[in-house]
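Inspection log for the structure reproduced underneath, given as structure tokens.
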Amino acid sequence: MKWIIPSNLNYYKANDAFKKNNIVYWRQKVNYKVGDIIYIYSVRPVQKVMLKTHVLETNVAFEDTYDDSEFFVHKEDIYDNKTCKSVKLELIKYLDDERLNLDNLMKNGLKGAPQGPMKLRDSVLEEYIESCFEEDEITEINKKNLNYEREVISIPASGKIDLIYKCRIHAHPDNFRSYPYKKALYYTFRRKGGIMEKLYTNSKTIRFNPNKIEEIKQFNLNKDEIQRLECYVRARAQNFGFSEEGNYKFYILDQCLELEKCVSLPKQNNHAYFTISEMYSKKEIISRYNENDGKSDEKYTEGAMTTIQVNKYERNPKARKKCLEYYGYKCCICGFDFEKFYGYIGKNIIEVHHKKALNEIKNTYEVDPIKDLRPVCSNCHTIIHNRKPDYEIEELKSIITQKHETIQI
């Protein structure tokens with residue numbers, strides 16, 4: 000479930016609290032569930048959504064929270080929180096963008112300024128808000144000039160994945176021969192079946208013996224990081240154990256990006272590397288073999304020249320232009336918009352499908368750009384021609400609609 004909740008910066012400096020601690024305990028007024036996405040709307044005079052968070056824990060007692068008194072504008076208001084249960088929110092993204100101000104939100108489905116917690120039931124509004132945050136994430140990724148060797152490393156976690164999500168900690172024996180991980184911009188972890196749901200940044204990497212937890216005092220860690228490490232070590236020792244003696248390498252994970260659609264890498268037990276684009280491709284399954292897994296002596300060669308004869312059927316560029324002027328550059332089947340997803344580098348990128356296959360007509364004919372042509376993304380275009388006779392556009396749209404309805408049920 001996704002929510003919008005109001006925040007009064009004249010009462011509590013929420014933006015500063017999230018920026019400093021990444022975790023905020025928010026007064027719980029409704030029944031949230033772990034995993035819910037909560038957008039925080041700053042009321043007058045700001046009047047815009049500025050924070051994207053998700054729920055880590057509900058019904059938290061005051062004594063289990065941390066001291067955030069510095070963020071209360073009036074210290075006497077702290078007492079109100081002592082008598083209430085809280086929800087533990089983790090920051091996903093801070094964004095100060097005029098596209099998320101009240102006027103633009105109301106143009107995209109919001110009925111009025113939020114007065115209390117409200118569920119996001121309007122799909123247009125939900126998609127609009129999410130697109131603003133997602134576009135900014137991709138823009139930031141493209142702008143980053145960091146010292147990393149791979150964009151995304153995918154690590155099998157299986158039964159430990161819920162513990163990783165809960166504590167935002169990952170650990171393995173400090174043995175580079177067995178764990179030759181390259182430095183990555185983002186880290187993702189695979190459930191059973193190879194399913195990947197989230198990307199994390201790694202704020203710190205430390206090494207210590209988990210059987211000597213007191214060693215963490217030597218590191219420059221804040222209170223939240225210490226609590227998360229202690230929670231991880233205690234839970235892993237109890238439920239899974241540490242298979243090797245000596246030091247482990249601990250990754251203290253930071254910013255979490257929820258993938259809009261889960262992707263999976265089935266039937267692989269080792270780590271693998273991906274690009275950002277692959278993780279956001281919305282494909283259900285992506286294939287990748289670990290670059291260090293090439294242990295076979297079998298050699299594969301490519302590049303030999305082969306001569307083939309093909310028939311090429313000429314397309315009319317003017318008809319294509321008319322088609323796109325009428326329908327635009329969004330896929331008419333799945334709705335994918337290259338510019339919206341990739342930014343300026345995706346502008347005017349789309350394929351045009353001929354409803355009448357030229358190779359079947361085998362002759363010149365008068366094409367109607369509006370009736371005979373449709374803009375489609377490369378994925379949908381591939382599926383259209385994946386059967387003989389080709390899939391009809393409405394047939395594919397129906398398949399997609401039924402699949403989404405099945406997932407929601």
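Everything in the sequence shown is counted per numbering that gives the first Met the number 0, starting at 0 for the first residue and increasing by one.
Glycine included, every Cβ here is placed at the ideal spot set by N, Cα and C.
Model, not experiment: these values are computed from the prediction.
Check whether Ala156 and Phe188 have beta carbons under 9 Å apart: Yes. Within cutoff.
Stretch pair the segment 88-101 + the segment 5-12: three plus CB contacts closer than 8 Å: No, they do not touch.
Phe249 vs Thr204 beta-carbon contact at 9 Å: With respect to Thr204, Phe249 sits close: the two C-beta atoms are nearer than 9 Å.
Candidates Lys339, Asn378 and Glu324: closest to Cys333 by CA position: Comparing alpha carbon positions, the residue from Lys339, Asn378 and Glu324 closest to Cys333 is Asn378.
Own chain residues within Cβ distance below 7 Å of Glu125, not counting five before or after: The answer, listed in chain order, is Lys1 and Leu119.
Inter-residue CB distance, Ile36 and His53 (contact presumed, cutoff 8 Å): His53 and Ile36 do touch by the CB rule: their CB atoms are close to 5 Å apart, below 8 Å.
First and last residue of the uninterrupted alpha helix (DSSP H) at Arg319: Segment Pro316 to Tyr326, the alpha helix (DSSP H) holding Arg319.
Selection from Ile349, Tyr341 and Leu228 that minimises the alpha carbon distance to Arg206: When each option's Cα is compared against that of Arg206, the closest is Leu228.
Through-space distance from Ile382 to His353, alpha-carbon basis: Going by the C-alpha atoms only, they are around 14 Å apart.
Reduced DSSP category for Pro388 - H, G, I as helix; E, B as strand; rest coil: If DSSP states are grouped into helix, strand and coil, Pro388 belongs with coil.
Cβ neighbours of Glu243 in the same chain (closer than 8 Å, five flanking residues each side left out): Only Pro172 and Asn174 meet the Cβ criterion.
Ala13 (DSSP reduced to helix, strand or coil): Reduced to three states, the DSSP call for Ala13 is helix.
C-beta atoms of Met49 and Asn14 nearer than 9 Å: For the pair Met49 and Asn14, the CB atoms are nearer than the 9 Å cut-off.
Top-ranked residue by Cα proximity to Phe33, from Gly111, Tyr164 and Phe337: The sequence given here has Val at residue 33, not Phe. Of Gly111, Tyr164 and Phe337, the residue nearest in Cα terms is Tyr164.
Own chain partners of Leu162 with C-beta closer than 6 Å, once the 5 adjacent residues on each side are dropped: Contacts found: Ala234.
Beta-carbon contacts of Cys376 that lie in its chain and below 8 Å, excluding the five residues immediately before and after: Sequence-distant Cβ neighbours of Cys376 in its own chain, meaning closer than 8 Å and more than five residues away, are Cys330, Ile332, Cys333, Phe335, Phe337, Ile349 and Glu350.
When Asn30, Ile160 and Asp67 are compared against Phe239, the one with the closest alpha-carbon: Put simply, of Asn30, Ile160 and Asp67 the residue whose alpha carbon is nearest the alpha carbon of Phe239 is Ile160.
Buried versus exposed, by CB contacts within 10 Å (16 or more), Glu133: The residue in question, Glu133, is buried, as its Cβ has 16 or more Cβ neighbours within 10 Å.
8 Å contact criterion, which His270 and Ile154 should meet: CB distance rounded: Here His270 really is in contact with Ile154; their C-beta atoms are around 5 Å apart, less than 8 Å.
One or two residues paired with Pro265 in a DSSP bridge: Paired residue(s): none; Pro265 is not in a bridge.
Residues bridged to Val59 [DSSP beta-bridge criterion]: Paired residue(s): Ser85.
Where the beta strand (DSSP E) containing Ala234 begins and where it ends: Careful: Ala234 lies outside any beta strand (DSSP E), inside the alpha helix (DSSP H) at Lys222 to Asn238.
DSSP beta-bridge partners of Glu283: According to DSSP, which records beta bridges pairwise, Glu283 is partnered with nothing at all.
Host alpha helix (DSSP H) of Phe340 (start-end): Looking at the DSSP string, the run of the alpha helix (DSSP H) that includes Phe340 is Phe337 to Tyr341.
Glu257 and Tyr279 closer than 9 Å at C-beta: Tyr279 sits away from Glu257, with the two beta carbons spaced by 9 Å or more.
Range covered by the alpha helix (DSSP H) that runs through Thr381: Run containing Thr381: Ser377 to Ile383, per the alpha helix (DSSP H) assignment.
Distance CB(Lys182)-CB(Tyr272) smaller than 9 Å: Cβ atoms of Lys182 and Tyr272: not closer than 9 Å.
8 Å Cβ shell around Asp253 - same chain, five flanking residues per side excluded: For Asp253, where only same-chain residues beyond five positions count, the Cβ hits under 8 Å are Asn21, Arg167, Tyr199, Thr200, Asn201 and Ser202.
Coarse secondary structure for Glu150, derived from DSSP in three states: Glu150 falls in the strand class under three-state DSSP.
Proximity of Tyr178 and Asn208 at Cβ, strictly below 9 Å: Annotated as distal: Tyr178 and Asn208, with beta-carbon spacing of 9 Å or more.
C-beta contact flag for Gly115 and Lys28 at 9 Å: In this structure, Lys28 lies closer than 9 Å to Gly115 by Cβ.
Inter-residue Cα distance where the pair is Leu395 and Gly327: Looking at the two C-alpha atoms, the distance is approximately 19 Å.
As assigned by DSSP and simplified to three states, the class of Phe70: DSSP places Phe70 in helix when its eight states are reduced to three.
Status (buried if at least 16 other CB within 10 Å, exposed otherwise) for Phe70: With 16 or more other Cβ atoms within 10 Å, it is buried.
Buried or exposed by the 16-neighbour rule on C-beta atoms within 10 Å, applied to His169: So His169 ends up on the buried side.
Own chain, CB closer than 6 Å to Ile77, minus 5 neighbours either side, in chain order: Excluding residues within five positions, the ones whose Cβ falls inside 6 Å are Ser68 and Phe71.
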